[in-house]
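Presented below is the structure to which this report refers.
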Amino acid sequence: MAIAAASKKHSASASATSTPYTRFQTTLSAVVERLKLSQAERAFLTEPQAIREAQLSITRDDGSQASFPAFRVQFNNARGPYKGGIRYHPAADREEVKALAALMALKTAVVNIPFGGGKGGIQLNPRELSRHELEEVSRAYVRAFKEYLGPDIDCPAPDVNTTPEIMAWMRDEFEKQTNSYSPAMITGKPMSYGGSLGRDTATARGGFFILEELIDRAALDPTELKVAVQGFGNAGGTMAHFLHNVGFTVVALSDSQGGIYGPDGIDPVRIEKYKRKTGAVAGEYCEGSVCDIQRMKMDGVEHITNEELLELPCDILIPAALDNVITAENAQKVQAQYILELANGPTTPEADIILEKKGVQVIPDILANAGGVTVSYFEWVQGRSGEQWTADRVDTELKRIMLDAYKAVRREAYRTKVSYRHAAFSVGLKRIVDAMRARGWVS
Ligand code: GLU
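Take the sequence shown: its letter number 293 is residue 1146 in my numbering, and every next letter is one higher.
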């Protein structure tokens, strides 16, 4: 229920006609215009190469039948097999999955790994399904799309609400269905079944490397910087730990139910303990909306909503949950100097313009959160070669790739005097177009 409520709130704050895909197209059009691409090149970049849809039917634990809409969008494979996660969410529809697939094509190009872009989704609320039902629907997904998946064709991975365990069910189902050994057909698997060291922390790790470099170049001291993180899942939770460990002051944390703000800093280790125990970031102080105000006062913290988190006094804001949260309505109120997008699509194009005018530096999703797909690439390489990389090797290679991508984007931004988002789109689009030209798809 919490997920459904959160997604409603997000769409209510979006402008009436915009969808995740139209928001993507707004940025795309501006960049494509500047790059002076041909009609044929534009056509390839504005619509996906394929949209696969299915209705997945399962028998629920009580014997009743249930059916869920499922999608796999294959946006572009000029640079290699389609690559991108599968999300389980009530708002996962055709438009959202299309936008996310397009962002994946750009993301793999920005970090220059040999993949195209795709994305999947099943429209469901995972909290309303038992573990067994989740397994059934995950296996049904693979059966529905098996002819379009494979290590050389299209390689899924985790995304919002999908886990290594789900990736394992999917690999197992694929291998059964195709009578093959295919460790590289999917990434983000558990270590016991073809996973890579460092994949679980990769999204945050990649973003952290960029933030470190950014701070270093700006000659800032982490111990003097305050950070607010929206989302306490794989990306946000891990990032909060990394930041805390090197001395940043984490002033706010949240999950889908809201969060807490402590101007003098909060300890993510402690929050994690309570989140595990109570299921909520604010669980140490609040039961639902009823909070122990005395205790909060004593600890110097207060309860906040997800919307309030975005407007708090801080130096760095890290949206690490859902899309469409920084909009024309609240962008003016953002107080942070830097925004590092660990979520996909958290900022609308209208908000981008406001933030740019305010001088807020946004490190866009297709760069900031590309660490996940980069270590997925390492996992894919290991799956194909039978090698196992050490944690050190993963970390070193990830850092090299993230910093190369960051430098390429920074150079483009300075050279053409555009925002980092437009620069990242340019870097990615140029690489995709170069591959399409090399293949003779466009001349
Ligand atoms: N879901 C992640 C993303 O949005 C990872 C995708 C992957 O590893 O293929 O980048």
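Every residue gets a Cβ at the ideal spot worked out from N, C-alpha and C, and that includes glycine.
| query | result |
| --- | --- |
| The region 1024 to 1041 / the region 995 to 1006 touching (three or more Cβ pairs under 8 Å) | yes |
| P873 in three-state terms, based on DSSP | helix |
| Selected residue, minimal CA-CA separation from E1161, among G1141, D1145, E1182 | E1182 |
| Length at least 3, wholly inside the region 1020 to 1100: the beta strand (DSSP E) runs in chain order | 1079 to 1083 |
| Other residues of its chain near A1055: CB distance less than 6 Å, five sequence neighbours each side excluded | G1224, G1225, V1228 |
| Backbone CA spacing between Q902 and R947 [nearest angstrom] | 14 Å |
| G937 beta carbon near the ligand GDP (any heavy atom closer than 6 Å) | Absent from the structure shown: the ligand GDP. Ligands present: the ligand GLU. |
| Collapsed DSSP secondary structure at D1145 in the structure displayed | coil |
| Exposure of K960, with buried meaning 16 or more beta-carbon neighbours within 10 Å | buried |
| Beta strand (DSSP E) segment containing I939, residue limits | 939 to 941 |
| Three or more C-beta pairs below 8 Å linking the region 936 to 945 and the region 953 to 971 | yes |
| Segment contact flag, the region 1016 to 1033 with the region 1042 to 1054, C-beta cutoff 8 Å, min 3 pairs | yes |
| I911 (DSSP reduced to helix, strand or coil) | strand |
| Nonlocal neighbours in the same chain, by C-beta distance under 6 Å from G974, ignoring five residues either side | F924, R940, A945, V950 |
| A1189 vs L1175 beta-carbon contact at 7 Å | no |
| Residue of R1274, E1125, Q1110 minimising C-alpha distance to T1091 | E1125 |
| L1282, DSSP secondary structure in three states | helix |
| Neighbour-count burial assignment, E988, 16 or more Cβ in a 10 Å radius | buried |
| Unbroken stretches of the alpha helix (DSSP H), 4 residues or longer, contained in the region 1135 to 1179 | 1146 to 1152, 1159 to 1163 |
| Distance between G916 and I1192 (C-alpha atoms, nearest Å) | 47 Å |
| Counted within 10 angstroms of its Cβ, other Cβ atoms place R1274 as buried (16 or more) or exposed | buried |
| Within 7 Å, strictly: CB atoms of A1135 and I1113 | yes |
| Near the ligand GLU: A1072 beta-carbon under 6 Å from a heavy atom | no |
| C-alpha gap between T1031 and R1264, whole angstroms | 45 Å |
| Terminal residues of the alpha helix (DSSP H) in which P1202 lies | 1202 to 1211 |
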